[in-house]
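Protein sequence lines correspond, in order, to chains A and B. Here the working numbering is used: the first residue of the first sequence is 1, the next is one more, and so on. Here the working numbering is used: the first residue of the second sequence is 535, the next is one more, and so on. Yeah, the Cβ is synthetic: ideal placement off N, Cα and C, and Gly gets one too. Everything numeric in this text was worked out from a predicted model, so none of it was measured. A quick write-up on the structure given underneath.
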Amino acid sequence: MKYARLIGVVAAASIPLAFVSAQQVSHTGNVVVASKPFGESFILAEMFAQLLESRGFTVTRRPGMGATEVAFAALRSNAIDVYPEYTGTGLLAILHEPPQSDPSAVFGRVSSEFSSRYGVRWLPPLGFENTYAIAVRRQTAIDYNLHDLTELAGVSQKLSAGLTADFIGRKDGLPGLADAYGLKFKQVRPLAQAVKYSALASGAVDVIDGYSTDGLIARYDLVVLRDDKRFFPPYEAAALVSKRLQRKIPGAVAALTELSGRLDVASMRKLNQRLEVGGEPVERIARSALQSLGIVGGVASETREDTTRQSLGRYMWDSRSALASALWRHVLLVLIAVLTGIVVAVPLGLWLEQWPRAAEPVIRSIGVLQTIPSIALLAFMVPLLGVGVWPALVALWLYSLYPIVRSTYSGVRDADPQAVSAARALGMTSGQVLRYVRMPLAAPAILSGVRTASVIAVGTATLAAFIGAGGLGEPIATGLALADTRMILSGALPAAALALVVDAFLGVIENATTPAPLRHAAMERAREARAHRQ
Amino acid sequence: MIHDQQPIEVALTGLTKAYGELRALDGVSLTVAAGECVAIVGESGSGKTTLLRCINRLVDPDAGIVAINGRDVRDLDVTGLRRSLGYVPQDGGLMPHWRVDRNVGLVPWLTGMSDANARALAALGTVGLDPAIIASRWPHELSGGQRQRVAIARALAGGQSCLLLDEPFGALDAITRSELQGTFKGLHDESSLTAILVTHDLREAMYLGDRIAVMQHGRIEQVATPAELRHAPATPYVRKLLDHATRELQ
Numbered sequence: 001m002k003y004a005r006l007i008g009v010v011a012a013a014s015i016p017l018a019f020v021s022a023q024q025v026s027h028t029g030n031v032v033v034a035s036k037p038f039g040e041s042f043i044l045a046e047m048f049a050q051l052l053e054s055r056g057f058t059v060t061r062r063p064g065m066g067a068t069e070v071a072f073a074a075l076r077s078n079a080i081d082v083y084p085e086y087t088g089t090g091l092l093a094i095l096h097e098p099p100q101s102d103p104s105a106v107f108g109r110v111s112s113e114f115s116s117r118y119g120v121r122w123l124p125p126l127g128f129e130n131t132y133a134i135a136v137r138r139q140t141a142i143d144y145n146l147h148d149l150t151e152l153a154g155v156s157q158k159l160s161a162g163l164t165a166d167f168i169g170r171k172d173g174l175p176g177l178a179d180a181y182g183l184k185f186k187q188v189r190p191l192a193q194a195v196k197y198s199a200l201a202s203g204a205v206d207v208i209d210g211y212s213t214d215g216l217i218a219r220y221d222l223v224v225l226r227d228d229k230r231f232f233p234p235y236e237a238a239a240l241v242s243k244r245l246q247r248k249i250p251g252a253v254a255a256l257t258e259l260s261g262r263l264d265v266a267s268m269r270k271l272n273q274r275l276e277v278g279g280e281p282v283e284r285i286a287r288s289a290l291q292s293l294g295i296v297g298g299v300a301s302e303t304r305e306d307t308t309r310q311s312l313g314r315y316m317w318d319s320r321s322a323l324a325s326a327l328w329r330h331v332l333l334v335l336i337a338v339l340t341g342i343v344v345a346v347p348l349g350l351w352l353e354q355w356p357r358a359a360e361p362v363i364r365s366i367g368v369l370q371t372i373p374s375i376a377l378l379a380f381m382v383p384l385l386g387v388g389v390w391p392a393l394v395a396l397w398l399y400s401l402y403p404i405v406r407s408t409y410s411g412v413r414d415a416d417p418q419a420v421s422a423a424r425a426l427g428m429t430s431g432q433v434l435r436y437v438r439m440p441l442a443a444p445a446i447l448s449g450v451r452t453a454s455v456i457a458v459g460t461a462t463l464a465a466f467i468g469a470g471g472l473g474e475p476i477a478t479g480l481a482l483a484d485t486r487m488i489l490s491g492a493l494p495a496a497a498l499a500l501v502v503d504a505f506l507g508v509i510e511n512a513t514t515p516a517p518l519r520h521a522a523m524e525r526a527r528e529a530r531a532h533r534q
Numbered sequence: 535m536i537h538d539q540q541p542i543e544v545a546l547t548g549l550t551k552a553y554g555e556l557r558a559l560d561g562v563s564l565t566v567a568a569g570e571c572v573a574i575v576g577e578s579g580s581g582k583t584t585l586l587r588c589i590n591r592l593v594d595p596d597a598g599i600v601a602i603n604g605r606d607v608r609d610l611d612v613t614g615l616r617r618s619l620g621y622v623p624q625d626g627g628l629m630p631h632w633r634v635d636r637n638v639g640l641v642p643w644l645t646g647m648s649d650a651n652a653r654a655l656a657a658l659g660t661v662g663l664d665p666a667i668i669a670s671r672w673p674h675e676l677s678g679g680q681r682q683r684v685a686i687a688r689a690l691a692g693g694q695s696c697l698l699l700d701e702p703f704g705a706l707d708a709i710t711r712s713e714l715q716g717t718f719k720g721l722h723d724e725s726s727l728t729a730i731l732v733t734h735d736l737r738e739a740m741y742l743g744d745r746i747a748v749m750q751h752g753r754i755e756q757v758a759t760p761a762e763l764r765h766a767p768a769t770p771y772v773r774k775l776l777d778h779a780t781r782e783l784q
C-alpha cells in the first residue's frame, strides 16, 4: 500500500539522520576548529587548523559557525574544540562584566573566570588587539585637524556617523563613548558591516566604527582616531579551548600555544587585507602566514592580490565539491525536517478532524509559530538545544507543521462527505473509511501542504547556517561576513534552484498521485467557481 | 435472484431521538415484514431520514428498540449489521476515486467474499446496466440515473436481503426517475427483498410501497396500504398531503 511505502521512506530517511548526528559528535583524536563569521576569525581558525595538521592532528573545520553566543555555546558543550575569541568580548558579552582598560587585567579576569565557570581555557594572546576603531576619511582628518576622539567630539555636530546596529545599541558602544567624550553626531545611521566602508569612502557618512585590524582601513586610506581616554576595553585575540580538548588531546593545546604572541596588529591587518581586499583564499593566506612565522615549513608566498577576480560561474565551478556537500546537507536538513513533519502533522490533522472544536485553536496556535521570524526561532533553539544540526532540524520541523496540519485537516474534513457517509453506512469501520476513502480523497490536499512546507524549508534552511547547521546558508553567511557577493550568490543561487526543483518535483508527484477522477472533480469545481463569479 | 441472505424483518418500537430542542423521533413504532416495501413519506425535518438511520445504527435512538428478525440491533456487531443492510443515499455516494466495479463490489470485498467482482458484475446486470460497458468507468463519467443504478447495485452486491433507500430518486429528472422507479419495482416484485424507502413524494410512495407510513414532527400519522390511505386518510395532515399530490397530477 501507498502508506506502507511512506513509512519505508521515513525509515530510510532516519538513516541519514543518524549519520548527520554522528558527524556532530567529535570523536577523540579529531580536533574541531571553528570560527565566527568574519574574515579575521576565518584566517585565525584556518591558521589553527593548519598548525594542528602540521603537528599530526586530524582537524574538522567549522568556519563561520556563528556569532559569539553560538560559537561559545558550541565550545562549552564540546561540540567544537577551539575558536579565536577576543578578551574584551569574553569580559563584556559572555561574563557581562563592566569594561576594564588594562589588557593584562582583562586577560587575567577572563582566564580565571572561564576556567572556573565553564572549564574553558584562554590560551596566551596571539599578540594583537582588535578593538573598536573610530575612523574618518583622510580628508576629514586634515580638514578638522583630527587625531583623537577628544578632537572629534569638538566637531561631531557637523558630522554624520554610520555605525553597526550592534555598536549603536551596546553600552560599551556609542552610548558609553558619547558619554565619555561628549560626542554628539549630526546624524547616526545604522549600517551593515558590509557597506560601512564604501558608505564612508563615498561620503554618505563621515565617521564609522571599525576594527583596528580591518584590512579595509588601509585599502580606503582611512585615519583611525586615537582612543585617548582609553574608553574601549582591550580586545586581545586568543585561542579559546574546550574542556574536552584539554583533557583528551593536551598535545593539540600545546601546539596551539606556538602561535601565542606571534602576530602583531600590522601583520594581522595585512592578512585581513589580503582576504578582504585581495580576495585570496583563506587557506593560502593562513599557510603563508604560518610559513613566514616559521611555524610550518615552506617558503611564504608573496602577497599576490587577485585583482582579476574570478567570474561567479568560475568561482562556483572551483568550489563545486564544497557546494555539492553543502547542497547535500541542505537537502538532508529539508528532507528530515519535512518527513518528520509529515509523521507528526498528518496524524495530528486526522486526529483534529475527529475533534472539530479543538481543531481551530490548535491549528491556529501552530500557525503562530509560522509568524516567528526564522532567525529568531533559530536563536530561541540555541539555549535549548545548543548549536548545530539538532536545533536547526527542530526549527525547520516546527515550520513544516502548520502547512501540513492545515492541509490534512481541511483535506480530510472536506473529502466528499457523501462518499464518506455511504462508506460508513455500508459497513466500513472508521479505520477503513480513513484508509480507503478519506486519505485517498485528501491526498492531493495533503501533498500540496507538504509541497508548501518543503519550499518553505528550503528557504529557511539557508538560515540554519547561522547556528552552525551548515548547508547552502554557509556560503551565504560567510559571504555576508566578508561582503563577498560572489560567495553569497554561490549559496543563494543553488538554494533558489533547489526550491524550484523541489516545488516542480512535488507538483509532478501531486499530479501523479491524484486519481484522474479527482483531477476531474477539481477541474469541475474550478469551472463552477469561475461560472459563479461571472 | 442475487440476494442470498435470509429474509429480514425490521421492527421499530417506541423510537425517540432528540437533537437539542428538536424531537426528530417521538415514539415511533413500525414493523416492516420480510419481503415488504414500506415507503416513509414526510417533509424535510419530519424525522424520516433519522428513522432510516436508526436501523443501520448511523444514529442511536435515545429510547426505543430496533430489532432485525427479533434481535435488538444493539446486540449485533455494528459493521456486520451495516454490511447486511443495503443502503442507497440520494446522491449515490459513490467513491469518486474507485471505478464502478470496485464501488459495486464494496460489501463483498469488505466481507471477504472471493467472488466479489463476479457479484459486482451480476449486480450491475440486475439494475439494468451492461457490465461490459459500465464496469470500468469512473463515477464522474456516469449520468445521474446511471449513478443511482450503480448505487442500488452496490446495495445488493453483497447478497443483502434488505435495502434502506434515502430519497434514492429525488435528484433525478422526471423521465429518468420514472425509469428507475420501474426498475426498482421490478426488482422488488421479483424478489423477497425487504425495502424501506424514504421519500417526500407521495406518488412515488404510492407506486413503490406495499404500505406507506406518513410522518410529521417525528411521529407516524398513519400506516396504510396505498388504497387504504387514498380512501381513508386518518388525519388532516394526511388528507392535505393527498390533496397536494392529486392537484399536482391534474
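Taking the alpha carbon of residue i as the reference point, which residue from the options has its own alpha carbon closest?
i	options	result
valine 521 of chain B	B:Ser695, B:Thr728 and B:Cys588	Missing from the structure shown is residue 521 of chain B; chain B here goes from 535 to 784 and no further.
leucine 222 of chain A	A:Ala67, A:Ile208 and A:Ser101	A:Ile208
aspartate 649 of chain B	B:Lys774, B:Arg636 and B:Thr660	B:Arg636
serine 242 of chain A	A:Phe114, A:Ala443 and A:Leu498	A:Phe114
proline 63 of chain A	A:Glu53, A:Arg76, A:Arg55 and A:Phe48	A:Phe48
glutamine 517 of chain B	B:Ile686, B:Gln694, B:Leu727 and B:Ile754	Chain B is shown from 535 up to 784; residue 517 of chain B falls before or after that span and cannot be answered.
alanine 239 of chain A	A:Leu480, A:Ala34, A:Leu350 and A:Val455	A:Ala34
isoleucine 668 of chain B	B:Val612, B:Val634 and B:Ala739	B:Val634
I'd like to confirm the pairing. Which residues does DSSP put opposite residue i in its beta bridges?
i	result
alanine 34 of chain A	A:Arg62
arginine 745 of chain B	B:Val572
lysine 582 of chain B	Paired residues: none, contrary to the question.
valine 207 of chain A	A:Val136 and A:Ala161
isoleucine 754 of chain B	B:Met749
isoleucine 730 of chain B	B:Val572 and B:Leu698
arginine 226 of chain A	A:Asp148
leucine 546 of chain B	B:Leu564 and B:Val600
Taking the Cβ atom as the reference point for each residue, do residue i and residue j lie within a distance shorter than 8 Å?
i	j	result
valine 120 of chain A	isoleucine 80 of chain A	no
tyrosine 118 of chain A	leucine 149 of chain A	no
glutamine 139 of chain A	serine 160 of chain A	no
glycine 716 of chain B	leucine 731 of chain B	no
glutamine 750 of chain B	serine 580 of chain B	yes
valine 405 of chain A	alanine 496 of chain A	no
leucine 259 of chain A	leucine 472 of chain A	no
aspartate 700 of chain B	valine 622 of chain B	yes
arginine 753 of chain B	valine 562 of chain B	yes
proline 391 of chain A	leucine 378 of chain A	yes
Round the Cβ separation of residue i and residue j to the nearest angstrom and send it over; I've been treating them as touching at under 8 Å.
i	j	result
alanine 597 of chain B	threonine 565 of chain B	Actually they are not in contact, since the Cβ atoms of alanine 597 of chain B and threonine 565 of chain B sit about 18 Å apart, beyond 8 Å.
alanine 691 of chain B	glycine 626 of chain B	At roughly 14 Å, the Cβ-Cβ gap does not stay under 8 Å, so alanine 691 of chain B and glycine 626 of chain B are not in contact.
proline 125 of chain A	threonine 478 of chain A	The Cβ separation is near 25 Å, so there is no contact.
alanine 453 of chain A	proline 403 of chain A	4 Å
leucine 543 of chain A	arginine 451 of chain A	Chain A is shown from 1 up to 534; residue 543 of chain A falls before or after that span and cannot be answered.
leucine 200 of chain A	glycine 162 of chain A	7 Å
valine 106 of chain A	proline 250 of chain A	Between proline 250 of chain A and valine 106 of chain A the Cβ distance is about 26 Å, and since that is not below 8 Å, they are no contact.
methionine 629 of chain B	alanine 445 of chain A	17 Å between Cβ atoms; not a contact.
glycine 537 of chain A	glutamate 510 of chain A	No statement about residue 537 of chain A is possible, as the shown extent of chain A runs from 1 to 534 and does not include it.
leucine 806 of chain B	leucine 658 of chain B	The shown model of chain B, from 535 to 784, leaves out residue 806 of chain B, and the question about it has no answer.
glycine 441 of chain A	histidine 631 of chain B	Going by the sequence as given, residue 441 of chain A is leucine instead of glycine. Rounded, the Cβ-Cβ distance is 6 Å, consistent with contact.
Count the other CB atoms within 10 Å of the CB of residue i; is the residue buried (16 or more) or exposed (fewer)?
i	result
phenylalanine 718 of chain B	buried
leucine 263 of chain A	buried
tyrosine 553 of chain B	exposed
alanine 756 of chain B	The displayed chain sequence assigns glutamine, not alanine, to residue 756 of chain B. The residue is buried, with at least 16 neighbouring Cβ atoms inside 10 Å.
histidine 596 of chain A	Only positions 1 to 534 of chain A appear in the structure, and residue 596 of chain A is not among them; the question remains open.
threonine 58 of chain A	exposed
glutamine 354 of chain A	exposed
isoleucine 342 of chain A	buried
histidine 722 of chain B	buried
asparagine 603 of chain B	exposed
serine 112 of chain A	exposed
**Q.** Positions along the segment 616-634 of chain B whose CB lies within less than 7 Å of some CB in chain C
**A.** This model lacks chain C altogether; the protein chains it does include are A and B.
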